[in-house]
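Here numbering that gives the first Met the number 0 is used: the first residue of the sequence shown is 0, the next is one more, and so on.
Okay, so here's the structure we're looking at.
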Amino acid sequence: MKNPKVFSYFGVNEDSKEWNDWLWQYAHRIKDVKTLASILPLSEKEKKDISLCLLSFRMAITPYFLSLIDPDDPNDPIRKQAIPSIEETETYPWEKADPLNEDKDSPVPFIVHRYPDRVLLLVTKCCATYCRHCTRRRLVGEEDAPINDEELDKALDYIRKNKQIRDVLISGGDPLTLLDEKIESIVKKVRAIEHVEIIRLGTRVPCTMPMRITDDLLNRLKKYHPLWINTHFNHPKELTKEACLALSKLADAGIPLGNQSVLLKGINDSPEIIKELCLALVKARVRPYYLYQCDLSQGLNHFRTDVRLGIEIVKKLQGNITGFAVPKFVIDSPGGGGKVPINPEYIISLDDNKVVFKNYEDKIFEYPQPQQKK
0 MKNPKVFSYF GVNEDSKEWN DWLWQYAHRI KDVKTLASIL PLSEKEKKDI SLCLLSFRMA
60 ITPYFLSLID PDDPNDPIRK QAIPSIEETE TYPWEKADPL NEDKDSPVPF IVHRYPDRVL
120 LLVTKCCATY CRHCTRRRLV GEEDAPINDE ELDKALDYIR KNKQIRDVLI SGGDPLTLLD
180 EKIESIVKKV RAIEHVEIIR LGTRVPCTMP MRITDDLLNR LKKYHPLWIN THFNHPKELT
240 KEACLALSKL ADAGIPLGNQ SVLLKGINDS PEIIKELCLA LVKARVRPYY LYQCDLSQGL
300 NHFRTDVRLG IEIVKKLQGN ITGFAVPKFV IDSPGGGGKV PINPEYIISL DDNKVVFKNY
360 EDKIFEYPQP QQKK
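Structure below.
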């Protein structure tokens with residue numbers, strides 16, 4: 000059930016034209032403590048703490064996403080992802096502004112080239128909602144600025160000159176916060192590069208602003224297949240009827256969907272929650288792709304879990320839900336080493352004669368190695 004105070008504050012209802020217009024949602028994002036306190040009950044300490052946090056990291060929450068927060072639950076999983084906490088102001092020696100060393104792997108502005116055959120193209124610093132666990136918070140939320148034409152041309156020129164690049168991930172920020180014409184223009188220019196085979200879009204708007212997935216946008220995007228979308232749901236509560244409708248529209252447009260979740264303390268750090276999330280995603284025609292260990296960005300220590308928990312979660316999923324519903328648990332290597340799968344250990348021993356291993360129930364099996372006839 001959505002929070003009725005959100006609707007009364009804005010003078011709309013769930014069926015109104017304004018509420019279901021993504022441009023209205025984007026224009027009415029909650030960005031300051033005063034507005035937030037008019038909708039959600041906040042103590043004086045909470046107001047002060049949020050104000051202190053906003054000196055370093057901005058806040059923006061769509062009315063839709065805010066409406067999903069239970070005002071009576073201080074541990075609401077959406078509240079923790081969207082509303083700043085004083086813990087974000089606490090920094091530790093192992094935290095970095097750029098923990099994945101993206102700037103080092105940026106040969107030209109707005110391009111990150113870490114893997115040989117693919118690049119990240121950052122087209123905007125804007126998001127519909129600024130996630131409190133964002134790894135790219137050094138950039139996102141600083142200013143609402145999309146890439147300009149000159150910057151885009153330089154980035155695309157780099158892709159054109161590097162013929163080993165076959166896969167371009169368009170991200171930001173969130174590229175689907177741009178206008179339809181701008182999105183199509185970028186995708187069209189990337190598609191025109193002969194050696195680019197795959198285009199991907201990284202977006203959280205199906206979760207935080209699902210009304211953004213309009214028929215006009217889909218009619219534009221489906222002209223440029225093969226096109227994939229990676230989205231970002233962290234908790235089953237986020238998979239509302241509106242979110243599922245947006246995902247259904249994307250799937251019906253022939254766009255394969257993958258989901259990237261972040262393992263977050265106090266939000267989804269249990270096998271039961273991740274299992275429920277993965278099953279709900281598959282039902283919505285989204286394949287669980289990655290379950291990330293939280294990155295070492297500044298101010299995120301309170302979100303991080305013990306790595307052993309992620310391993311245990313994947314182990315408990317394996318064999319208990321269908322295989323393609325089990326995400327890879329990965330750590331994006333600090334310092335820029337790329338994503339590394341962190342798997343439960345199933346192999347007990349391996350030599351020239353046989354492999355001894357255990358299954359998801361810890362039962363032990365043997366598999367003989369191929370042998371030559373003597």
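Ideal placement from N, C-alpha and C gives every residue a C-beta, glycine not left out.
Please read all numbers here as calculations on a predicted model, not as lab measurements.
Between the segment 239 to 256 and the segment 300 to 310, do at least 3 Cβ pairs fall closer than 8 Å?
Not touching, per the Cβ criterion.
How big is the Cα-Cα spacing for residue 332 and residue 295?
Stepping through the sequence shown from its first residue, residue 332 is reached at position 333. Stepping through the sequence shown from its first residue, residue 295 is reached at position 296. So the two alpha carbons sit approximately 10 Å from each other.
Entirely enclosed beta strand (DSSP E) segments - the segment 49 to 84, minimum 3 residues:
The beta strand (DSSP E) runs of length 3 or more contained entirely in the segment 49 to 84 do not exist; there are none.
8 Å Cβ cutoff met for residue 318 and residue 289:
Numbered from its first residue, the sequence shown carries residue 318 at position 319. Numbered from its first residue, the sequence shown carries residue 289 at position 290. No, the Cβ-Cβ distance between residue 318 and residue 289 is not below 8 Å.
Going by Cα to Cα distance, which pick from 53, 189, 89 is closest to residue 122?
Counted from its first residue, the sequence shown places residue 122 at position 123. For the options 53, 189, 89, the alpha carbon positioned closest to that of residue 122 is the one of 189.
Under the three-state reduction of DSSP, which class applies to residue 185: helix, strand or coil?
Taking the first residue of the sequence shown as position 1, residue 185 is located at position 186. In the three-state reduction of the DSSP assignment, residue 185 falls in the helix class.
How many whole angstroms separate the CB atoms of residue 55 and residue 88, which I take to be in contact at a CB cut-off of 8 Å?
Working through the sequence shown from its first residue, we reach residue 55 at position 56. Working through the sequence shown from its first residue, we reach residue 88 at position 89. That pair is a contact at about 6 Å.
Tell me the rounded alpha-carbon separation between residue 76 and residue 167.
Translated into the one-based positions of the sequence shown, residue 76 becomes position 77. Translated into the one-based positions of the sequence shown, residue 167 becomes position 168. Rounded to the nearest whole angstrom, the C-alpha separation of residue 76 and residue 167 is 32 Å.
Cα-Cα separation, residue 6 to residue 279:
As a first step, residue 6 must be located in the sequence shown, where it is residue number 7. As a first step, residue 279 must be located in the sequence shown, where it is residue number 280. Each residue's alpha carbon lies about 27 Å from the other.
Report the option in 220, 312, 213, 281 whose CA atom is closest to the CA atom of residue 383.
Shown here, the chain extends from 0 to 373; a query on residue 383 therefore has no answer.
What is the rounded straight-line gap between the Cα of residue 44 and the Cα of residue 19?
Position 45 of the sequence shown, counting from 1, holds the residue named residue 44. Position 20 of the sequence shown, counting from 1, holds the residue named residue 19. Distance between the alpha carbons of residue 44 and residue 19: 34 Å.
Would you kindly check if the distance between the Cβ of residue 260 and the Cβ of residue 340 is under 8 Å?
The residue you call residue 340 lines up with position 341 of the sequence shown. The residue you call residue 260 lines up with position 261 of the sequence shown. Pairing residue 340 with residue 260 gives a Cβ-Cβ distance that is not under 8 Å.
Let's test the definition: count the other Cβ atoms within 10 Å of the Cβ of residue 346 and tell me whether it reaches 16, buried, or not, exposed.
By 1-based counting over the sequence shown, the position of residue 346 is 347. Its Cβ having fewer than 16 others within 10 Å, residue 346 is exposed.
Identify every residue that forms a DSSP beta bridge with residue 111.
For the purposes of this step, residue 111 is identified with residue 112 of the sequence shown, where counting begins at 1. Note: residue 111 sits in a beta bridge opposite 119.
Are three or more beta carbon pairs between the segment 241 to 254 and the segment 204 to 218 nearer than 8 Å?
Yes, they touch.
Starting from residue 170, follow its DSSP beta bridges and name the residues at the other end.
Along the sequence shown, read from residue 1 onward, the residue named residue 170 stands at position 171. Its beta-bridge partners are 121.
What are the partner residues of residue 197, as DSSP defines its beta bridges?
Locating residue 197 in the sequence shown gives position 198, where the first residue counts as 1. Under the DSSP definition of a beta bridge, residue 197 partners with 166.
Does the Cβ of residue 321 have 16 or more other Cβ atoms within 10 Å, making it buried, or fewer, making it exposed?
In the sequence shown, residue 321 corresponds to position 322, counting from 1. Classification of residue 321: exposed, given that the 10 Å Cβ count is below 16.
Between the beta-carbon of residue 270 and the beta-carbon of residue 230, is there less than 8 Å?
In the sequence shown, residue 270 corresponds to position 271, counting from 1. In the sequence shown, residue 230 corresponds to position 231, counting from 1. No, they are not a contact pair.
Who are the Cβ neighbours of residue 315 in its own chain at under 7 Å, not counting the five residues just before and after it?
Residue mapping note: residue 315 aligns to position 316 of the sequence shown, counting from 1. Hits under 7 Å: 270.
Starting from the C-beta of residue 146, find all residues in its chain whose C-beta is less than 7 Å away, skip the five residues before and the five after it, and write them out in chain order.
Position 147 of the sequence shown, counted from the start, is the residue given in the question as residue 146. Excluding positions up to five away in sequence, the list reads 109, 122, 123.
Classify residue 58: buried if its beta carbon has 16 or more other beta carbons within 10 angstroms, exposed otherwise.
The residue given as residue 58 occupies position 59 in the sequence shown. Buried, since its Cβ has 16 or more Cβ neighbours within 10 Å.
Any heavy atom of the ligand SAM closer than 7 Å to the Cβ of residue 242?
As for the ligand SAM, it is missing from this structure, which has no ligand bound.
Three-way DSSP call (helix, strand, coil) for residue 223 in this model
Taking the first residue of the sequence shown as 1, we reach residue 223 at position 224. DSSP places residue 223 in helix when its eight states are reduced to three.
Using DSSP's beta-bridge definition, name the partner residues of residue 337.
Locating residue 337 in the sequence shown gives position 338, counting from the first residue. Per DSSP, the beta bridge partners of residue 337 are 332.
On the criterion of 16 or more Cβ atoms from any shown chain inside 10 Å, does residue 307 qualify as buried, or is it exposed?
Residue numbering aside, residue 307 sits at position 308 when the sequence shown is read from its first letter. Exposed is the call here.
I'd like to know whether the C-beta atoms of residue 99 and residue 335 end up nearer to each other than 8 Å.
Counted from its first residue, the sequence shown places residue 99 at position 100. Counted from its first residue, the sequence shown places residue 335 at position 336. Between residue 99 and residue 335, the gap from beta carbon to beta carbon is short of 8 Å.
Just grab the DSSP bridge partners of residue 365 for me.
Working through the sequence shown from its first residue, we reach residue 365 at position 366. Per DSSP, 355.
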